[in-house]
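All remarks here apply to the structure that follows.
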Amino acid sequence: MALDGLTLAICVVELKTILPDAKVQKILMPNREEIVLSLYTQARGTFRLSLSADAGNCAVYLTSQSKPNPKTAPAFCMLLRKYLSSARITNVSQQGLDRVIALTFEAKD
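In structure tokens form, the structure reads like this:
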């Protein structure tokens with residue numbers, strides 16, 4: 014099933030109830046087009062947010078399963094770790110019915 018703007022809007026509504034105040038524990042990049050954020054909340058405990066930008070199979074979903082990762086992290090993953098480690102998600106939004114999700118983080122220097 015294709016992920017269109019309307020389907021993504023429903024996902025954003027659900028993510029808005031789960032993700033606010035979630036703390037980023039780990040940032041993983043199992044492949045070139047996917048990022049997995051390991052998150053923690055007091056209500057749900059630890060879970061993972063998978064963000065895939067694969068052209069044929071884009072997806073955003075919550076999971077408790079882990080994926081195998083490369084031994085050395087790619088440069089983009091290291092950049093995300095530098096700025097988002099221990100950050101908290103404050104908001105999840107979507108502009109209109111575009112297929113873009115905006116995650117707002119709050120982090121200390």
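At the far end of the sequence shown sits residue 122, using the numbering used here, and the numbering has no gaps. Note that the Cβ used here is the ideal one computed from N, Cα and C, for glycine as well.
Nearest-angstrom beta carbon gap, residue j and residue i [assumed within contact, 8 Å]
i, j, result
"L75", "G18", "Contact doesn't hold; Cβ gap of about 20 Å is too wide."
Selection from the options that minimises the alpha carbon distance to residue i
i, options, result
"A115", "L16, L28, A15", "L28"
"T20", "C71, K36, A56", "C71"
"A56", "I31, P43, I40", "I31"
"G69", "E47, T85, K80, I102", "E47"
"K121", "P81, R61, K95", "K95"
"R45", "A15, R61, Q108, C90", "C90"
"V26", "E119, Q38, R112, S106", "S106"
"L59", "K39, L92, K84", "It is Thr, not Leu, that sits at residue 59 in the sequence shown. For T59, the nearest C-alpha among the options comes from K39."
"K84", "V49, V73, M42", "M42"
Strand pairing of residue i, partner residues [DSSP]
i, result
"G18", "Its beta-bridge partners do not exist; DSSP assigns none."
"K121", "Per DSSP, none; premise fails for K121."
"K39", "S51"
"G58", "T54"
"T116", "A quick correction: the sequence has Leu, not Thr, at residue 116. According to DSSP, which records beta bridges pairwise, L116 is partnered with V105."
message: So within the segment 60-100, which uninterrupted alpha helix (DSSP H) runs reach at least 4 residues, ignoring any that extend past its ends?
response: 88-97
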